Amino acid sequence: MNNIIIIGSGITGLTIGSELQKRKIDFKIFDSRESIGGKIQTFRMCKMNLDKGFQVLLRNYPSLKIFPEINDIEYMDFKSGFIINKNNTFFKLLNPLKNLSGIFYYNRFPGFSFKDKVLLLKLYLMKNKIKNDQKPLDFLKNFGFSKSFINDFFVTFFQGVFLDKSLNIPLNYFLFIFKLFATGKVSIPVNGINEIPRTISKKIDPNKIYLNSKIKKITKNQIICSDNKKYKFDKLICTNPQIESIFDTEINQNIFKEIKYNGTSCFYFTVTISNIEEKIIYLFPESDLISSLYFIKVTDNKHIVSISSLNKTCSIDDMKKEFIGYFNNIKNLNYLKRFVVDEALPAMNSFYNYNSCSFMEYSTNIFFCGDFLASPSLNGAIESGENLAKGIF
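First residue of the sequence shown: 104, per the working numbering; consecutive thereafter.
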């Protein structure tokens, strides 16, 4: 087994590469992009780091244990709670699981009843695994949460996590993510989210990573790049389901032909504004354009604001107008960058935790892995790569 090829230098590809490097197994990683990280990208602009979409790291992801060096990254931690706009008024919602005063004295925003607060604690403390035959919204309703709290909190917040307003995900995965958010740190690397794949890549010989290498065709035992260079493989590992589209007809099974994704858009502005709270997530249950936003201070009154939306066609002017409508203390608002991510997270429940191992043996020498076969998260991307490396090598 001398020729192992990994396609994709995202989190999954880098995880496999680091595992093989550790075991002194030779391999090559190919990626059509000019930088590593896959979907996890950061762009430097005006001396500021702008992530391609609002991406956070849950510091208590179980899979992070195989990369302890990720803990050494400098992070900006979000405060535990939210600020929610309801009826044109901002309400601060403390996390009652971390701050018990949030049960009795604070969290007075409309629709968050004492019963809802108690049910939040009950939901977190629940230990029995639930059958995945219920949809999360049906489960929350049957659990007893009020309709207003389900919409104003669960839907408004988690639509930004799963990029799906209907929360059409497996119930146990929803509960898993809920508990991680409830108890762990939610962070962004100070130097941008791409610091995470860059840190993992340091465990890999850079000569094994081939960037700017677009593959145009794959046969049963070789890849053919756009420059017509050919590389034979004994095992091929594909970390993106779209790779199947360039398989030779002899090997193409069309398994991933119908796979779908959820997308998002993200706007960055600089803004001169006073009397706002930074490093906390703002939620907007009554907005058709804004899902969430947060502020980072640049100088005393100057901030960067990152605005996320599930509307991928929203114009810059419409987003400006929507943002200004919620904040009347703005002096200057300057556009920086807009990102539209069409294929941000996989949306195919049928592949979730595939075969309980999160990777697929496509043929005797071709394998698929990635978050689309595990769970749509960085945790799933690492888990899938680690499971494959342990399962076939």
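Don't be surprised by glycine CBs; every beta carbon is placed ideally from N, CA and C.
For clarity, every value in this text was computed on a predicted model and none was experimentally measured.
For V289, does the three-state DSSP call read helix, strand or coil? For V289, the three-state secondary structure derived from DSSP is strand.
Between which residues of its own chain and F246 is the CB-CB distance below 7 Å, once the five residues before and five after are set aside? Result list for F246: L222 and L226, in chain order.
Unbroken alpha helix (DSSP H) runs of length 4 or more, entirely within the region 243 to 330: which are they? With a minimum length of 4 residues, the unbroken runs of alpha helix (DSSP H) contained wholly in the region 243 to 330 fall at 259 to 265, 274 to 286 and 298 to 304.
Would you please state the rounded distance, in angstroms, between the beta carbons of E425 and L386? I believe it to be under 8 Å. The Cβ separation is near 14 Å, so there is no contact.
Could you tell me which residues DSSP pairs with V444 in its beta bridges? Looking at the DSSP assignment, V444 forms a beta bridge with T367.
Grab me the residues of N468's own chain with a C-beta within less than 6 Å of its C-beta, minus the 5 sequence neighbours each way, in chain order. Here the set comprises K338.
Would you list the one or two residues that DSSP bridges to M451? The bridge partners DSSP lists for M451 come to none.
Pick from D445, E446, L481 and N490: whose alpha carbon is nearest that of E464? Of D445, E446, L481 and N490, the residue nearest in Cα terms is N490.
Measure the alpha-carbon distance for S412 versus K335 and round it to whole angstroms. When rounded, the distance between both Cα atoms is 43 Å.
According to DSSP, is N343 helix, strand or coil? Coil at N343, not helix or strand.
Which residues mark the beginning and the end of the beta strand (DSSP E) in which S411 is found? K405 to S412 is the extent of the beta strand (DSSP E) around S411.
Report yes or no: do the region 448 to 457 and the region 160 to 171 share at least 3 C-beta pairs separated by less than 8 Å? No, because fewer than three Cβ pairs between the region 448 to 457 and the region 160 to 171 fall closer than 8 Å, the two stretches do not touch.
Mapping the DSSP letters down to three states, classify G111 as helix, strand or coil. The three-state reading of DSSP puts G111 in coil, since its state is none of H, G, I, E or B.
To which residues of the same chain is F501 closer than 6 Å at the C-beta, ignoring the five residues directly before and after it? A query on residue 501 cannot be resolved here, the shown segment of the chain reaching from 104 to 496 and no further.
Residue from N190, D219 and G184 whose Cα sits closest to the Cα of F284: If we check each option's Cα against that of F284, G184 comes out closest.
Where G120 sits in the DSSP three-state scheme: For G120, the secondary structure class from DSSP, reduced to helix, strand or coil, is helix.
Going by DSSP, name the residue or residues bridged to V159. As DSSP reads the structure, V159 sits in no beta bridge.
Minimum C-alpha distance to P292 - residue among K317, F359, K382 and K360: Selected option, being the one with the closest Cα: K382.
What's the C-alpha gap between N404 and Y178? In a straight line, the C-alpha of N404 is about 22 Å away from that of Y178.
The alpha helix (DSSP H) enclosing Y227, as first and last residue numbers: First-last of the alpha helix (DSSP H) with Y227: F217 to L228.
Would you say the region 475 to 489 touches the region 153 to 166, given that touching needs at least three Cβ pairs under 8 Å? When C-beta atoms of the region 475 to 489 are compared with those of the region 153 to 166, three or more pairs fall below 8 Å, so the two segments count as touching.
By how many angstroms is the C-alpha of F462 removed from the C-alpha of I326? Cα to Cα, the separation comes out at about 21 Å.
Could you compute how far the alpha carbon of K150 sits from the alpha carbon of F256? The alpha-carbon atoms of K150 and F256 are separated by roughly 35 Å.
Just list the residues that DSSP pairs D180 with in beta bridges. Answer is S290.
DSSP three-state label for K434, please. Three-state DSSP puts K434 in a strand.
Proximal residues to F504 (C-beta, below 6 Å), its chain only, five neighbours per side dropped: Residue 504 cannot be examined here, being either before or after the span of the chain that is shown, 104 to 496.
Nearest CA to the CA of F279: which residue from K320, Y397 and K230? Among K320, Y397 and K230, the Cα nearest to that of F279 is on K230.
At which residues does the alpha helix (DSSP H) containing F194 begin and terminate? Run containing F194: none in the alpha helix (DSSP H); it sits in the beta strand (DSSP E), T192 to L197.
Can you tell which of E361, G113, P449 and P309 has its C-alpha closest to the C-alpha of I299? Ranking E361, G113, P449 and P309 by Cα distance to I299 puts G113 first.
Is S269 near D180, with beta carbons less than 8 Å apart? Note that the C-beta distance between S269 and D180 is not below 8 Å.
On a Cα-Cα basis, can you pick out the residue from V408, L200, I186 and I358 that is closest to I427? A check of alpha carbon separations from I427 across V408, L200, I186 and I358 identifies V408 as the nearest.
Quick one: what does DSSP say Y164 is sitting in, helix, strand or coil? Note: Y164 maps to coil in three-state DSSP.
Mapping DSSP to helix, strand and coil, what is L153? Strand, per DSSP.
Pairwise C-alpha distance: L228 and I272: Taking the straight line from one Cα to the other gives about 21 Å.
What separation, rounded to the nearest whole angstrom, lies between the Cα atoms of F248 and I495? Approximately 45 Å, taken between the alpha carbons.
Sorted by chain position, which residues of the same chain lie with C-beta nearer than 6 Å to K323's C-beta, five sequence neighbours on each side aside? Excluding sequence neighbours, K323 sits near I354.
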